[in-house]
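Report on the following structure.
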Amino acid sequence: MIPVATMANFWNIPIIAYMATSNTLSNKKIYKTLIRTSLRTMNTVAESTAAFIKHYKWKKVALISNTGVAAYEKISVFEPVLKRYGITVTKKILFEESATVQDMVNSGQLEEVRSNFAIVMFTSARDLTTIFRDALTLYGMSETEFVFIFPYMQEGTNGASPFAGSDNAVLDRVRKTYANCVLIDDTNGFDDRMITPFLERLATIGLDEKDIDLGNIYGYIALFDSIKVFATAGRKVLNSTGNFASVIDGKLMWSAMRRMTVPGMVANSGVGSGTVMLDDLAERIPYYSAFFVDKNRNQITPFANIIPSLVANCDGLKTGTGCFSLNVTEVQTSFWPSPDGNMPIDEPVCEVKNVTIHDTGESIFCSKKRIKFFESRALDSMPWRIFRDDMQIVDEETVKSMLSLGSQRTKLSNTNAMALKNHAVIGVNTHATYHMYEQRRPIKFGRADLALLMRMKQVVHDNLNPFLGMAFNEKGEVLLLWKFCSRGTLQDLIYNDQFVLDEKFHGAFVRDITLGLEYLHLSNIGYHGALTTWSILIDRNWLMKLTDYGISDAVNRWVKHGSINAE
């Protein structure tokens with residue numbers, strides 16, 4: 047495209063680029079006869095993303111991409127635009143195009159991002175997004191504390207969206223990949239307001255959607271818009287000069303298209319594809335929106351519209367800009383998965399120590415920051431952690447001896463061979479049972495995992511078995527330790543013919559299980575997650591106690607990411 051645009055300038059003929067083109071072509075001091083009508087360009091997506099970030103008063107971001115010429119070109123567009131909006135790229139990370147999840151985690155750069163930044167913008171020249179999101183999950187970077195922004199970056203077929211399917215329906219894979227993240231895309235990127243008018247135009251000439259490639263729908267629409275813009279400008283020039291030759295005068299046609307506005311396609315229902323607006327450099331100004339991928343509702347909703355408007359008394363040839371401003375309008379608030387529904391700030395506004403506060407509102411805010419700091423410190427202290435030096439694994443013979451000393455021991459547990467396995471003593475005399483998992487690599491806990499383990503440790507209820515703690519990152523094993531219950535499991539009781547229990551026992555057991563579940567569901571843990579007859583224990587007083595609660599999702603995730611093997 048660059049050689050063609052160069053020759054068009056030399057010959058002084060108009061040229062319209064309706065496909066995605068290099069950022070170099072935005073220089074109108076060189077390409078003086080070029081008009082661009084592409085629905086998206088790197089310049090405009092950078093402008094819209096910067097306007098969005100500025101609107102939410104974020105001044106520092108971490109920019110993450112991949113290596114390579116294409117990625118470098120995109121970063122070179124974003125950095126000056128962000129700087130012009132007063133936004134500092136405080137950290138820039140480039141991963142290799144062939145990077146894996148483990149490569150990203152082992153690089154150590156995610157730790158720096160987690161420790162210093164809350165606003166993370168990711169743009170890749172290839173589909174590294176899924177790998178990047180998996181790495182974030184493995185590293186424990188929660189969307190509650192971070193804002194992950196994914197600007198639209200066109201790759202491959204012109205107009206093929208990385209977010210939506212060919213039928214414009216959001217794919218399940220996309221909802222999982224971008225869950226609780228921000229997508230910056232065309233305002234019509236997730237509906238059919240652009241597709242419907244185009245398909246109706248096709249129907250007028252006897253074609254339908256099967257006759258075209260819907261994956262290239264935006265390319266078709268941009269081509270239609272470019273022809274319409276050219277025809278409108280040609281009519282304007284012809285009416286002004288009365289000379290047909292003037293229609294192929296490149297500089298004259300380019301001047302006629304500056305600040306031009308024409309309506310887009312309109313469907314029979316009256317729904318349109320928007321307005322085609324060209325800026326002061328005859329470049330299309332797209333309409334973008336910020337979308338939130340709601341994990342709980344399993345849908346994508348726009349929460350901020352980025353609306354352009356032309357600036358009067360501005361010459362783009364002198365300023366090097368398109369002479370337009372972007373206004374961000376919020377259409378939804380309090381949607382973020384945080385306690386107050388608000389998105390995180392880019393950095394704390396007050397320190398925990400040595401703070402002088404003069405304003406009551408600031409005092410309250412800083413008090414909240416202090417509370418959060420001390421909560422984080424409490425979580426990081428891991429009071430539920432058990433070191434292997436503080437516990438002893440007990441073999442089966444020793445377990446038999448220990449059980450024979452307990453007068454409350456019954457034939458029920460003595461007949462169960464499994465009851466003799468996986469026993470340990472913590473400290474001096476705390477008898478525990480455990481689940482053991484082979485550990486393949488060190489586990490790094492995210493804030494959500496730390497909070498969950500803290501809640502499990504703090505749970506106190508007559509029908510819940512106490513969670514004693516977790517041993518990890520030692521001896522190639524992970525141990526989840528629970529208090530020992532002397533009468534075994536409900537499974538033992540059900541399949542033991544020596545014990546016949548009447549209806550009163552049955553009713554008492556159901557009551558105990560129900561009370562335990564009710565407490566879990568009303569607590570911060572919220573669920574059991576692995577309720578079976580094996581996870582219901584019986585203590586010496588014949589009380590039912592639920593065990594193995596809350597931790598199943600975390601264990602499955604650690605297995606999935608290769609940190610541990612299944613039990």
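Numbers given in the working numbering equal positions in the sequence shown, counted from 1, plus 46.
Virtual Cβ for every residue (Gly too), placed ideally from N, Cα, C.
Predicted model, so just to flag it, every value in this text is computed and none were measured.
Determine the DSSP secondary structure at lysine 138, reduced to helix, strand or coil. strand
Taking 7 Å as the cut-off, decide whether the C-beta atoms of valine 339 and valine 322 are in contact. no
Would you mind working out which of Tyr595, Ile584 and Glu443 sits nearest glycine 572, comparing C-alpha positions? Tyr595
Assuming isoleucine 432 and leucine 566 form a contact by the criterion Cβ under 8 Å, report the distance between their Cβ atoms to the nearest whole angstrom. Their Cβ separation, rounded to whole angstroms, is 23 Å, which puts isoleucine 432 and leucine 566 out of contact at 8 Å.
Which of the three DSSP states is assigned to lysine 105 in this structure? coil
Is it buried or exposed for histidine 574, if we count other Cβ within 10 angstroms and need 16 for buried? buried
Cα-Cα, which of Ala494, Asp436, Ser286 and Asn152 is closest to valine 474? Asp436
Taking only three categories from DSSP, how would you classify glycine 366? coil
State the DSSP-derived secondary structure class of methionine 240, mapped to helix, strand or coil. coil
To the nearest angstrom, report how far apart arginine 86 and glycine 265 are at their CA atoms. 10 Å
Counted within 10 angstroms of its Cβ, other Cβ atoms place asparagine 611 as buried (16 or more) or exposed: exposed
By how many angstroms is the C-alpha of threonine 183 removed from the C-alpha of leucine 527? 25 Å
Report the option in Ser335, Asp599 and Thr90 whose CA atom is closest to the CA atom of glycine 368. Thr90
Assuming glycine 553 and leucine 592 make a contact with CB atoms under 8 Å, what is their CB distance in whole Å? Not really, about 17 Å apart at Cβ, beyond 8 Å.
With 16 as the cutoff for other CB atoms within 10 Å, does asparagine 55 come out buried or exposed? buried
Relative to the C-alpha of threonine 31, which candidate in Asn511, Gly492, Leu496 and Val506 has its C-alpha closest? No answer is possible for residue 31: the residues shown for the chain start at 47 and end at 613.
Looking at C-beta atoms only, is the number of pairs between the segment 155-173 and the segment 351-366 that lie closer than 8 Å three or more? no
Would you kindly report the start and end of the unbroken beta strand (DSSP E) that includes asparagine 351? 345-356
Need the endpoints of the beta strand (DSSP E) that glutamate 191 sits in, please. Per DSSP, glutamate 191 belongs to no beta strand (DSSP E) and is neither H nor E.
Taking valine 166 as part of the beta strand (DSSP E), name the residues at either end of that continuous run. 165-168
What separation, rounded to the nearest whole angstrom, lies between the Cα atoms of proline 60 and methionine 299? 6 Å
So, is tryptophan 604 buried or exposed, given that buried needs 16 or more other C-beta atoms within 10 angstroms? buried
Identify the continuous beta strand (DSSP E) that holds methionine 437 and give its terminal residues. 437-440
Pick helix, strand or coil for serine 447, following the three-state DSSP scheme. helix
Can you tell me the Cα-Cα spacing of glutamate 613 and tyrosine 483, whole angstroms? 5 Å
Going by DSSP, what residues sit across from glutamine 537 in a beta bridge? Its beta-bridge partners do not exist; DSSP assigns none.
Buried or exposed: where does phenylalanine 551 fall if 16 or more other Cβ atoms within 10 Å of its Cβ makes it buried? exposed
So, for valine 377: in the same chain, excluding its five sequence neighbours on each side, which residues have a beta-carbon less than 8 Å away from its beta-carbon? Pro348, Phe349, Ala350 and Asn351
Determine the direct distance from the alpha carbon of leucine 109 to that of serine 72, and round the result to whole angstroms. 23 Å
Enumerate in chain order the residues of its own chain whose CB-to-CB distance from phenylalanine 124 is below 6 Å, with the five nearest sequence positions on each side excluded. Ala92
Assign tryptophan 382 to one of three DSSP states: helix, strand, or coil. coil
Do isoleucine 559 and methionine 590 have their CB atoms nearer than 7 Å? yes
Classify glycine 280 as helix, strand or coil using the three-state DSSP reduction. helix
Drop a sphere of 10 angstroms on the beta-carbon of leucine 568, count the other beta-carbons inside from all chains shown, and report buried for 16 or more, exposed for fewer. exposed
Quick check on this structure: which residue in Met306, Gly366, Pro383 and Val374 has the alpha carbon closest to the alpha carbon of threonine 343? Correcting the residue identity first, residue 343 is arginine in this sequence and not threonine. Checking every option, the nearest Cα to that of arginine 343 belongs to Pro383.
Residue interval of the beta strand (DSSP E) (run including phenylalanine 338): 334-340
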